[in-house]
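**Student:** Mind the numbering: the sequence shown is residues -25 to -1, 1 to 193 in mature numbering (1 follows the signal peptide of the UniProt record, and there is no 0), read in order.
Dropping a structure here in structure tokens format, bear with me for questions.
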Amino acid sequence: MNSNCIGGVLHLRLLLFSTSHRILAAHPKISASRRLSTATMGSRSQPPSPPLAEKVKHEMELFGDVRVDNYYWLRDDSRKNPKVISYLQQENAYTEAMMSGTKKFEDEIYAEIRGRIKEDDISAPLRKGPYYYYSRTLEGKEYVQYCRRPIPNRDAPSSVHDTMPTGPDAPPEHVILDENVKAQEHGFYRIGAFKVSPNHKMVAYAEDTKGDEIYTVY
């Protein structure tokens, strides 16, 4: 399993949440329950009205072309604008209210999808110099390990039939970087790039610890 697969596991709940209308329509059991839940909700109270974002005219000019973005004010790189935060909280509250009847099924679908993923897995090894480089995922862990293993016969030419040994007699595995350990220090963690130096003595990697896609390189 590579980092993309892990990313998919980490975002399953978000994907289920954002595409729920398609999932509900395709799943008879959930669809029937949703209709019952909606009917029950309708008999007790009216569903909440969706929040409406204020329109604030903002003009942007580039190469003589003037564009108007009425929702430019929602961009908040500081993540501290109280007006933006308040609107997002209203959006979240509305979503929670509308999806309140599907929580059980969201958990069931999430568990089913995750149950079909082989969590204890490794990526295809990359032969580079005297080592095989690869990433590993462990069952029950949310992040990957970046590893390498010495090539037993370094003088042998590379081949499409080359296979990295993994048995008890194989050269020892070396964990270069463990995202699971790094992630313990942060509420969000993602590695965007991981490169090994030509002499195999150093690595460079870029990490995002806030979820803003602004990476720090080490």
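Every residue, glycine too, gets a C-beta built ideally from N, C-alpha and C.
Predicted model, so just to flag it, every value in this text is computed and none were measured.
Taking the DSSP output, what are the residues bridged to D96?
**Tutor:** Position 121 of the sequence shown, counting from 1, holds the residue named residue 96. T112, per the DSSP bridge assignment.
**Student:** Keeping to the same chain, check which residues put their C-beta closer than 8 Å to that of I(-20); ignore five residues upstream and five downstream.
**Tutor:** The residue labelled residue -20 in the question sits at position 6 within the sequence shown. Bear in mind that the predicted position of I(-20) carries a pLDDT of just 42, short of 50, making it unreliable; the figure below should be weighed with that in mind. The residues are T112, E117, Y118 and V119.
**Student:** Pull up the CB-CB distance for D183 and G167, whole angstroms please, since I reckon it's below 8 Å.
**Tutor:** Within the sequence shown, the letter at position 208 stands for residue 183. Within the sequence shown, the letter at position 192 stands for residue 167. Between G167 and D183 the Cβ distance is about 6 Å, and since that is below 8 Å, they are a contact.
**Student:** How would you label E154, buried or exposed, when you count the other beta carbons within 10 angstroms and need 16 or more for buried?
**Tutor:** Residue numbering aside, residue 154 sits at position 179 when the sequence shown is read from its first letter. Result: buried.
**Student:** For the segment 29 to 38 and the segment 80 to 96, state whether three or more C-beta atom pairs, one from each stretch, are separated by less than 8 Å.
**Tutor:** With contact defined as three or more Cβ pairs closer than 8 Å, the segment 29 to 38 and the segment 80 to 96 are not in contact.
**Student:** Measuring CB to CB, does E148 end up less than 8 Å from C122?
**Tutor:** Walking along the sequence shown from the start, residue 148 turns up at place 173. Walking along the sequence shown from the start, residue 122 turns up at place 147. Yes, the Cβ-Cβ distance between E148 and C122 is below 8 Å.
**Student:** Note down the Cα distance separating S133 from R102, rounded to an integer number of angstroms.
**Tutor:** Here residue 133 corresponds to residue number 158 of the sequence shown, with the count starting at 1. Here residue 102 corresponds to residue number 127 of the sequence shown, with the count starting at 1. So the alpha carbons of these two residues sit roughly 8 Å apart.
**Student:** Given K58, which residues of its chain have a CB within under 8 Å of its CB, disregarding the five upstream and five downstream residues?
**Tutor:** If you number the sequence shown from 1, residue 58 lands on position 83. Excluding residues within five positions, the ones whose Cβ falls inside 8 Å are W48.
**Student:** Quickly, what does DSSP pair V43 with across the bridge? List them, please.
**Tutor:** Residue 43 sits at position 68 when you count from the first residue of the sequence shown. According to DSSP, which records beta bridges pairwise, V43 is partnered with E34.
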